[in-house]
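A short worksheet on the structure shown next.
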Amino acid sequence: LRIEGHTDNVAINSPAFPSNWELSTARANSIVHYLIEKHGFKGAKLSVTGYAEYRPIADNVTEEGRKLNRRVDIVMLSSKGAQGEALKFDGE
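Residues in the sequence shown are numbered from 871 upward in steps of one, following my numbering.
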């Protein structure tokens, strides 16, 4: 599984997350930890990617669009390395 973190295009600058790159990666990491600790997934079968604001699924002009862009995608890959299919998960 490839766990992909995303953000909206609103810049963040905090001690924990100096940019949207760190925030998107942290989102994906939190899902990986959850899958390992709560569901026994093997860490060797998981990878993490943070895309920051660069792969939006909605327009960032409205709050609703920005909300949709703040997400984590779980992509299932085949053993042959073919392009995966994203699984939708509403974490709210």
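Backbone N, C-alpha and C define an ideal beta-carbon position, used for all residues, glycine too.
Secondary structure remark: continuous beta strand (DSSP E) runs of at least 3 residues inside the stretch 895–938, in chain order: 917–920.
Taking the C-beta atoms as reference points, E923 is found nearer than 8 Å to N890. Contact between V942 and I882 fails: their C-beta atoms lie close to 16 Å from each other, not under 8 Å. Each residue's CA atom was taken as its position, placing G913 and I906 some 7 Å apart.
Counting along the chain, D878 sits inside no beta strand (DSSP E), nor does DSSP assign it H or E at all.
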